[in-house]
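Enquirer: The opening position of the sequence shown corresponds to residue 42 in the working numbering, with each subsequent residue numbered one higher. Don't be surprised by glycine CBs; every beta carbon is placed ideally from N, CA and C. The structure displayed is predicted, hence computed values, not measured ones.
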Amino acid sequence: MPQFGVSHLPNMGSHVLDFEFNAGVDSIDAMDDFVSLEEHEQPDNVFSVVKADLMLTKALSAAQLSPPAQSRLNYAIEQVKLAPTMMAKQNHTVWSHPFLYAEHMPRCVQDAQSACALYLLRNDTNVVFLARYINDHVQDIMGSPIPSSTFELLAQIHALMLYQIIRIFSDDIRFHYFSDGASVRLQDAGLALYTLLQHEVDPIGPLPVYPSDAARAAWRSFIFRESARRTLLSLFQFISVSTILHGDNPACCPELALTNRVTFSSHLWSAPSAFDFAMAWNQKNHFLVRGLDVAELLESAQPDDIDVFGRVILTGMLGIDDVKGWFHTKGGAF
Numbered sequence: 042m043p044q045f046g047v048s049h050l051p052n053m054g055s056h057v058l059d060f061e062f063n064a065g066v067d068s069i070d071a072m073d074d075f076v077s078l079e080e081h082e083q084p085d086n087v088f089s090v091v092k093a094d095l096m097l098t099k100a101l102s103a104a105q106l107s108p109p110a111q112s113r114l115n116y117a118i119e120q121v122k123l124a125p126t127m128m129a130k131q132n133h134t135v136w137s138h139p140f141l142y143a144e145h146m147p148r149c150v151q152d153a154q155s156a157c158a159l160y161l162l163r164n165d166t167n168v169v170f171l172a173r174y175i176n177d178h179v180q181d182i183m184g185s186p187i188p189s190s191t192f193e194l195l196a197q198i199h200a201l202m203l204y205q206i207i208r209i210f211s212d213d214i215r216f217h218y219f220s221d222g223a224s225v226r227l228q229d230a231g232l233a234l235y236t237l238l239q240h241e242v243d244p245i246g247p248l249p250v251y252p253s254d255a256a257r258a259a260w261r262s263f264i265f266r267e268s269a270r271r272t273l274l275s276l277f278q279f280i281s282v283s284t285i286l287h288g289d290n291p292a293c294c295p296e297l298a299l300t301n302r303v304t305f306s307s308h309l310w311s312a313p314s315a316f317d318f319a320m321a322w323n324q325k326n327h328f329l330v331r332g333l334d335v336a337e338l339l340e341s342a343q344p345d346d347i348d349v350f351g352r353v354i355l356t357g358m359l360g361i362d363d364v365k366g367w368f369h370t371k372g373g374a375f
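(1) Relative to the alpha-carbon of Thr304, which residue among Phe277, Ile285 and Asp346 has its alpha-carbon at the smallest distance?
(2) Cutting at 7 Å between CB atoms, please list the residues of its own chain near Leu248, excluding the five before and the five after it.
(3) Using the C-alpha atoms, what's the distance from Ser341 back to His369?
(4) Quick one: Cα of Gln228 to Cα of Ile280, how far?
(5) Taking only runs that begin and end inside the region 280-341, name each unbroken alpha helix (DSSP H) of 4 or more residues, in chain order.
(6) Can you list, in chain order, the residues of its chain whose CB lies under 6 Å from that of Ala230, leaving out five sequence neighbours each side?
(7) Tell me which residue opens and which closes the alpha helix (DSSP H) that Gly351 is part of.
(8) Thinking C-alpha only, which one of Pro109, Ile209, Ser190 and Ser112 is nearest Leu123?
(9) Taking Leu171 as part of the alpha helix (DSSP H), name the residues at either end of that continuous run.
(10) Contact defined as beta carbons within less than 8 Å: I believe Leu272 pairs with Ser137. What is the distance between those atoms, to the nearest angstrom?
(11) Given that a residue counts as buried once 16 or more other Cβ atoms are within 10 Å of its Cβ, and exposed if not, what is Gly372?
(12) For the 8 Å Cβ check, are there 3 or more pairs between the region 145-159 and the region 178-192?
(13) Among all the DSSP beta bridges, which residues are the ones paired with Ile214?
(14) Suppose contacts are defined by Cβ-Cβ distances below 8 Å. Is Leu141 in contact with Ser307 by that definition?
(15) Under a Cβ-count criterion, where at least 16 other Cβ atoms within 10 Å of its own Cβ denotes burial, should Thr134 be classed as buried or exposed?
(16) Starting from the C-beta of Leu222, find all residues in its chain whose C-beta is less than 7 Å away, skip the five residues before and the five after it, and write them out in chain order.
(17) For Ile214 and Ile207, what's the separation of their Cα atoms in angstroms?
(18) What does the Cβ neighbour count give for Pro125, buried or exposed, with the cut at 16 atoms within 10 Å?
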């Protein structure tokens, strides 16, 4: 693995990471009661993070969600619904870093951000135009090939997710489109992103603050790498949740549970500069979670290490009451 004392970004295409394929599976056991099924059937896991041997065999509907399922879904849904407002006002979401598009924002994200702003200002006069605007841009994305560039692919996923969030969670039926294949396109794009992310490398060791070249390169690399990783998990969670709410059967993607990596650190994610990032890297906790195995995180992390994204993931795995309890025992508040 690369050390930080270098003046250039690591060659992301020349390394393949080793993954712990069995790590974290036990952490998902608590999700086995996610759905209430009739006739005492064995419940199926509706998240895309599942055991490798688990297969979905029965169509689900929102009415079948058990109280434990609601405990794991509600917080995630609340945060997803806030994404268009966050993008319009703050230029980011919980899965997209505020500086990800600082140097270049692809046109598809510009269009989606405009749609988010227009959605916040919608009224009886412009709502029909806005619904058509969103639908036309969704069709444009679906009519284009899946990008081979990770950055362009990430941008396309971000744009399509924002459109779909508006369409699915809007209280105006004119935004509701469920049969145009957008969810399938999101899943295909997510699988492409998953493949590309297997070549990302996590640096180790302390980070020098002077000269700032290494810190700046590490910060830029972190912004892109962790935005992509957060997007991947958020995307498949969103696909599963939206599919459930539509009354359909979500698909399993066990590879995400067994082979993903994501960094839990509110300090690194919120760092406003390369210097602040380096200081947070050297002085604050950060946890590289493999395969959604959060055992070390729960043992060693403090409440201020966990940002909104971390709360979404933890509540999805443990339920809101257990996560609130963990925050309380650590001296914090959810």
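Expert: Taking the geometry as given:
(1) When each option's Cα is compared against that of Thr304, the closest is Asp346.
(2) Correct list, in chain order: Phe45, Ala255, Ala256, Ala259, Ala319, Trp322 and Asn323.
(3) CA-CA distance, His369 to Ser341, rounds to 14 Å.
(4) For Gln228 and Ile280, the distance between alpha carbons rounds to 7 Å.
(5) Counting only runs of 4 or more, we get 295-300, 307-310, 315-324 and 336-341.
(6) Result list for Ala230: Ile187 and Ile198, in chain order.
(7) Looking at the DSSP string, the run of the alpha helix (DSSP H) that includes Gly351 is Val349 to Leu359.
(8) Out of Pro109, Ile209, Ser190 and Ser112, Ile209 has the C-alpha closest to the C-alpha of Leu123.
(9) Where Leu171 is concerned, the enclosing alpha helix (DSSP H) stretches over Val168 to Met183.
(10) Per the sequence shown, the amino acid found at residue 272 is Thr instead of Leu. Thr272 to Ser137, Cβ: 7 Å. Contact.
(11) Gly372 is exposed by the Cβ-count criterion.
(12) Counting Cβ pairs under 8 Å, three or more are found: they touch.
(13) Beta-bridge pairing links Ile214 to no other residue.
(14) In this structure, Ser307 does not lie closer than 8 Å to Leu141 by Cβ.
(15) Classified as buried, Thr134 has 16 or more neighbouring CB atoms from the shown chains inside 10 Å of its CB.
(16) With the sequence shown as reference, residue 222 is identified as Gly, and Leu is not the correct amino acid for it. Excluding its 5 nearest sequence neighbours in each direction, Gly222 has C-beta neighbours in its own chain below 7 Å: Met183, listed in chain order.
(17) In this structure, the alpha-carbon of Ile214 lies about 11 Å from that of Ile207.
(18) If you draw a 10 Å sphere on the C-beta of Pro125, you find 16 or more other C-beta atoms in it, and that means buried.
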